[in-house]
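Mapping of the sequence shown onto numbering that gives the first Met the number 0: residues 0 to 440, in sequence order. We put the CB at the ideal spot given by N, CA and C, even for glycine. Contents: one structure, followed by commentary.
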Amino acid sequence: MNKQGKHRCLDRILLTALALLAVTSAFASAQIRPLDEYVARGAGKAPSYRVVDSTVEDGFRVLQVEFVSQIWQDIPWTHRLFIVVPPDVEPSRTGVLFISGSGSGDVETAGMLEVARMTRMPAAALMDVPNQPLFDDLWEDALMAYTFDQFLQGADPDWLLLFPMTKGAVRALDVFQAVVAQEFGIEIGQFVVAGGSKRGWTTWLTAAVDERVTGIVPMVYNNLNLAAQMELQSRTYSAGASPMIDDYTALDLSDVPDPARVIELDFHIDPYAYVERFVMPKMLLHGTNDPFWPVDALNLYWDDLPGEKYVVNFANGGHDLGDMERALRNLALFTLHVTGEPLLSEVEWALEEREDGLPGLEVKRTEKAVGAALYVASSTSRDFTASKWERLEPRETAAGWAAEPRPLPGHYLAFYMDVEYAIGQGETIALSTPIFVVEPE
């Protein structure tokens, strides 16, 4: 079957999954799921660990810890955990965990050093999620897709790579708690968890299975509600899906022995299937030019996320956001907010159809709002990956700010607003509305 045919097959199966998810996701969220059971095996105490290095940077203690989170498919999963402890720890009983993949860990540790400096809380970078390469030198998406295929061909859900990735993060929380208690006498009872891309995916699932997670900052994983997302991908990209997810769309779904396994896959690994569990505060960080996802993918799940939620769009940012300093600052401010400093305000917005049939966006001015900006981009297709985003001034109204952007003839238009909120000491933070797309007339 050619690529277009595979995409059409995928669409048919996933649209069926979408209908079933709409009926059953709320019920399924409350059930004990295979992911819950997998993570719970061997729970009760922290894994054995060893501190392999200890340094001091500007008064901050930095420990490198190694531990084995599990044995998965007869493979021990070994992780490095870099823990940063400030000299003047805030007595909030909160720690920050950033989930990362391969590499030295230097960049991640430097980032957690900044987060610890801004929050006065212990912060840690978890590496080696997933352990890789595995199975004849497979890495990242190729490795993930391989495990999906094993499941689709009849293997147990434990085969899905997100299961051990999630368990690795949960076991890291155990080790984080144990180390700071043993080495510093610090008791941590709750965590803010963050990560990007597949680690952003893991961030969602970690929050779904561990009640110690009281806030999450998933980055550049704008893909909840998988069945609906695949349909949107088919309308966005000329090849039927983003080329960045070729490892997944290359799976020959016509060869799956039981097509119901495709639907079951969603229930195991799509955070949307656990949506009612996400009652903790959430801050989603997205790049407007991320080549993995349609620009308006958030709209397929934003309204269904319960509780306190924020999105921050990085204008002209790709899958790396393009501004990690800003991302770390947002993570730190969000953590302070979650632990008791009321720094953030949810953006209050309304999208209304005007007399000409085109939408207008209105944002309400709340007590801490001090300004707003409109961002717009144009494209000859629904794919805005290569588009340049332009900052404009919205119209000020008695209630706040408004904008009625119009597409160029024959072009698609994407737009959103940022709202600047005062957070004290002359500083502000920009929070966003979702991104909206206007199609050509």
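Sheet register partners of residue i (DSSP bridge)
i	result
Trp348	Val362
Ile215	Val192 and Lys281
Ala385	Bridge partners of Ala385: none, in fact.
Phe313	Gly286
Ser378	Tyr411
Gln63	Asp52 and Phe81
Lys367	Partner(s): none; Lys367 has no beta bridge.
Gln69	Trp76
Gly399	Lys363
Residue i and residue j closer than 8 Å at C-beta
i	j	result
Arg198	Leu172	no
Thr334	Asn312	no
Val294	Ile434	yes
Glu361	Gly399	yes
Thr108	Val191	no
Met111	Val128	no
Thr338	Ser101	no
Thr379	His410	yes
Leu223	Asp265	no
Ser431	Tyr415	yes
Selected residue, minimal CA-CA separation from residue i, among the options
i	options	result
Pro85	Ala376, Glu392, Leu299 and Phe183	Phe183
Gly321	His285, Phe134 and Trp301	His285
Val329	Thr202, Glu113 and Leu412	Per the sequence shown, the amino acid found at residue 329 is Asn instead of Val. Residue Glu113 is the option with its Cα nearest to Asn329.
Gly188	Ser196, Gly194, Gly195 and Ala177	Ala177
Ser99	Thr118, Val83, His78 and Arg116	His78
Glu395	Leu373, Trp388, Pro408 and Tyr411	Leu373
Val169	Ala109, Arg119, Asp257 and Leu80	Leu80
Glu230	Ser378, Tyr271 and Leu299	Leu299
Ala401	Gln228, Phe147 and Glu392	Glu392
Glu139	Gln63, Gln228, Tyr236 and Asp246	Asp246
Gly58	Val88, Pro33 and Ile70	Val88
Trp158	Ile70, Gly359, Tyr48 and Glu403	Ile70
Asp35	Val61, Asp148 and Ala206	Ala206
Asp289	Gly425, Ser196, Gln63 and Gly43	Ser196
Arg116	Tyr415, Lys387, Leu327 and Gln131	Leu327
Assumed close pair residue i, residue j - CB separation to whole angstroms, cut-off 8 Å
i	j	result
Val418	Ala368	5 Å
Leu133	Leu250	Actually they are not in contact, since the Cβ atoms of Leu133 and Leu250 sit about 18 Å apart, beyond 8 Å.
Leu125	Leu96	6 Å
Phe175	Tyr37	Between Tyr37 and Phe175 the Cβ distance is about 20 Å, and since that is not below 8 Å, they are no contact.
Leu225	Val274	Contact doesn't hold; Cβ gap of about 12 Å is too wide.
Trp200	Ile215	Their Cβ separation, rounded to whole angstroms, is 11 Å, which puts Trp200 and Ile215 out of contact at 8 Å.
Glu403	Gly359	4 Å
Task: Sequence ranges, beta strand (DSSP E) only - wholly within the region 409-437, length at least 3 - done: 411-423, 426-431 and 435-437
Open item on the list: Report the start-end ranges of each alpha helix (DSSP H) in the region 72-147 that is 4 residues or longer and not cut off at the edges.
Closed with: 105-118
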